[in-house]
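Contents: one structure, followed by commentary.
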Amino acid sequence: MLVPGCKKWSYGCGMCTFILICLAYLSYYTYHVNLSEARGLDDPPAVEIEVEREGTTYRSSYSRSKEVLQHCIPHLMHVSHDASFLREMENKKQALTNELSFTYGEWKQASGQKSLLPFIPTFMNTSNGQAEDQGFQFISFRVTDVNLPSGYSLQGNMVNVSAVLQVGCISTIVDKSTEEQDFLVQRGLTSLKIRMEGVYAELETEERVFCMLGSSRLPLRGKNASQPWDWLNSMSIGRSTFSPTLIDDLKLKAVVYFPRDLTLMSCRVYK
C-alpha cells in the first residue's frame, strides 16, 4: 500500500536556505512506486531511478551532536516526555528505519529562492532553444541508523539518527555506475547525495520530526544569480557528461515532519 507521507522539507545550503515542498510515498515492504502516481500524470516518463545502495550501511560518528541540537532547537520546542520511550525504542529501531524511509517522492523549490541544482535536458528545441523535457524532480530519504543517546544527554523523546538524503532531477535511464557519486550531472540527470546525522523526536503535537545536519560536495556557483551555473555554457554543447568544480559544504540542514500515525487521512503536504 502506498501512503503519502512527507510533510515538510527545510533545506539549508551554506548561507542560503531552500524550502522544498515534497510529496513522498512510503511502503513498509517495498520502495517501488509508479511515477504516474507520484507526478499525477496519465503517462509516466520513460525513466528508471536507481537509488544508491551504499546509504543502507551509512552510520555517522555523531561528532556533530551538540551542533545538531543548537540548530534544531526551534523544531524541538514541543518534544514529548515519556519514561518508556527509550526502552520501547530499542525494540522499534528497525521498524522506524523501514517506516520513515521513502523513495521517489517529488520535490518542488519555493519560488524566489536560488536554484538548488542545475539540470541539463536531454532534448532541446532547436527553433527556440527551450528544453522539451523538464524532468522528474525526485527525492529519497533513507534512515540508516538509529542510535540511543550516549556521551551526552538528550532531553525528552529523542534519539540519534543517521540518514542519506538524495535529491535530483531525471528524464533518462540511470547508468548504475553513477550510484556512488555524491554529485552527478549529465544530460538528463542531476543527483545530489547528502549523508546526514541528527535527531529523531516525537512531539506533543502528535507529530514526528527528523532534524539533521549533513555534508556533501556541491557544484561551484557563479556570480550571476539568474544563471549561477555559468560553467554549463562552455560544457553543455555536444557533451553528455560533465565535471564541474565541486566544493565541500558542511552546512546542509534538513527537517522533515511525519504525523504520529501514518494513515491516508492524516498524511498531508505542507509548505
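FYI, my numbering numbers position 132 of the sequence shown as 132, with every residue one higher than the one before it.
Note that CB positions come from ideal geometry on N, CA and C, so glycine has one too.
These figures come from a predicted structure and were not determined experimentally.
Residue i in three-state terms, based on DSSP
i, result
"R87", "helix"
"L96", "helix"
"I73", "helix"
"L232", "helix"
"K251", "strand"
"E197", "strand"
"E106", "strand"
"T57", "helix"
"S111", "coil"
"S65", "helix"
"D182", "coil"
"D145", "strand"
"A163", "strand"
"Q137", "strand"
"F242", "coil"
"G221", "Inspection of the sequence shows that residue 221 is occupied by Arg rather than by Gly. Of the three classes helix, strand and coil, the one that applies to R221 here is coil, per DSSP."
"P259", "strand"
"G188", "coil"
"S216", "strand"
"G168", "strand"
Pair within 8 Å by beta-carbon distance, residue i and residue j
i, j, result
"A201", "N147", "no"
"R195", "Y62", "no"
"V159", "D145", "no"
"E197", "S111", "no"
Residue i versus residue j: straight-line alpha-carbon distance, rounded
i, j, result
"K223", "M89", "48 Å"
"L100", "Y257", "10 Å"
"P121", "G135", "7 Å"
"A95", "C72", "24 Å"
"Q109", "L189", "17 Å"
"A46", "S65", "For A46, the pLDDT reaches just 36, beneath the cut-off of 50, and the residue's location in the model is therefore unreliable, leaving the point undetermined."
"A225", "K114", "7 Å"
"L116", "T245", "16 Å"
"W107", "S140", "10 Å"
"H75", "I247", "28 Å"
"G105", "K193", "15 Å"
"P259", "F210", "12 Å"
"L252", "M212", "8 Å"
"P228", "S191", "17 Å"
"S243", "N91", "45 Å"
"E207", "D261", "8 Å"
"V255", "P118", "23 Å"
"A24", "F138", "Unreliable placement is indicated for A24, whose pLDDT of 42 sits below 50; the coordinate value is still reported in the next sentence. Rounded to whole angstroms, A24 to F138 spans 9 Å at the Cα level."
"L232", "G214", "26 Å"
"L86", "Q181", "35 Å"
"K93", "D230", "45 Å"
Nearest neighbour of residue i, chosen from the options [CA to CA]
i, options, result
"V68", "I139, P259, L250 and F138", "L250"
"E204", "F119, S61, M77 and V255", "M77"
"F102", "L86, R87 and V143", "V143"
"N98", "L252, E197 and A163", "A163"
"Q70", "Q181, V199 and W231", "V199"
For the stretch 184-191 against the stretch 79-89, do three or more pairs of beta-carbon atoms, one drawn from each stretch, fall closer than 8 Å, so that the two count as touching?
no
Does the pairing of the stretch 162-173 with the stretch 218-226 give three or more beta-carbon distances under 8 Å?
no
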